[in-house]
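Worksheet: the structure to be examined is printed underneath.
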Amino acid sequence: MEHSNKNCLLLVAKIGRIVGVNGALKLHIMSDFPSIFAPQATFYLQSPAQISFNQSPNAQAPLDTIRIHSFDTTKNLVIFQGYESRESAAKLVNYELYSTLTESKKILKKGEILWQELIGTAISDTTDTKQRNLGVVKDIERIAKIDYFLIHTHTELVSQGLPKQFYIPNISQYVLNISTDCIATQNAFLLLQES
1 MEHSNKNCLL
11 LVAKIGRIVG
21 VNGALKLHIM
31 SDFPSIFAPQ
41 ATFYLQSPAQ
51 ISFNQSPNAQ
61 APLDTIRIHS
71 FDTTKNLVIF
81 QGYESRESAA
91 KLVNYELYST
101 LTESKKILKK
111 GEILWQELIG
121 TAISDTTDTK
131 QRNLGVVKDI
141 ERIAKIDYFL
151 IHTHTELVSQ
161 GLPKQFYIPN
171 ISQYVLNIST
181 DCIATQNAFL
191 LLQES
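So this is what it looks like as structure tokens:
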């Protein structure tokens with residue numbers, strides 16, 4: 001295993017239970033692009049101990065890397081090189097897999113954006129023909145197959161007594177356009193007022 005953390009790392013999967021005797025592990029995919037889990041693909045590992053101490057993989061000691069031997073796309077079962085037995089694969093249960101931002105961007109098609117690139121992006125909202133800067137994207141959470149932007153509310157709006165943060169669902173009723181420069185919304189100010 002090599003060591004590195006030279007680039008921003010993105011959580012792409014969590015390793016679950018062992019399945020069978022040949023070292024197959026259930027993979028809980030956190031990425032919108034499962035095609036990255038191909039034979040010979042390399043990922044960074046974060047151990048359960050590092051996870052329990054809430055350490056960011058970008059701020060800690062270098063992480064080990066691991067390479068996929070095979071991946072069953074229908075069952076999300078993965079076998080890693082060097083971990084082809086039940087006993088050796090058991091060591092990887094509850095680990096997290098990370099990919100670099102650079103590697104993750106290689107699989108994108110024209111016009112596609114990684115959600116992680118939107119962290120810190122401004123929210124420009126139009127409600128009742130009035131344009132407002134609502135704040136910036138702090139995080140993105142998926143709840144029941146819908147992505148929600150967690151917004152850190154602009155200080156001017158917070159000073160008016162509005163909440164410090166709120167959610168905007170990524171649905172056409174609210175989100176008009178998404179880019180890494182700005183997310184254009186409509187009527188999201190009403191969500192802030194109701195939060």
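Residue numbering for the sequence shown follows full-length UniProt numbering, starting at 1 and increasing by one per position.
No residue lacks a Cβ here, since even glycine has one placed at the ideal position from N, Cα and C.
Judged by DSSP in its simplified three-state form, residue 101 adopts helix.
Annotation: the continuous beta strand (DSSP E) that includes residue 80 extends over 77 to 80. The alpha carbon of residue 136 has as its nearest neighbour, out of 130, 149, 91, 129, the alpha carbon of 149. Taking C-beta atoms as the reference points, residue 29 and residue 94 fail to come closer than 8 Å.
CA-CA distance, residue 103 to residue 161, rounds to 42 Å. Annotated three-state conformation of residue 189 is helix, per DSSP.
Pairing residue 92 with residue 98 gives a Cβ-Cβ distance that is not under 8 Å.
Counting the other CB atoms within 10 Å of its CB gives residue 111 a total below 16, which places it among the exposed residues.
124 is the residue among 193, 124, 145, 86 whose C-alpha sits nearest the C-alpha of residue 177. Within 10 angstroms of the beta-carbon of residue 74 lie fewer than 16 other beta-carbons, which makes it exposed. Counting only the Cα atoms, residue 114 lies some 22 Å from residue 133. In the three-state reduction of the DSSP assignment, residue 36 falls in the helix class, which pools H, G and I. For residue 156, the uninterrupted alpha helix (DSSP H) run begins and ends at 155 to 158, by DSSP. Shown here for residue 131: same chain residues with a beta carbon closer than 7 Å to its own, the five before and five after excluded, namely 124 in chain order. Bounds of the beta strand (DSSP E) holding residue 122 are 122 to 127.
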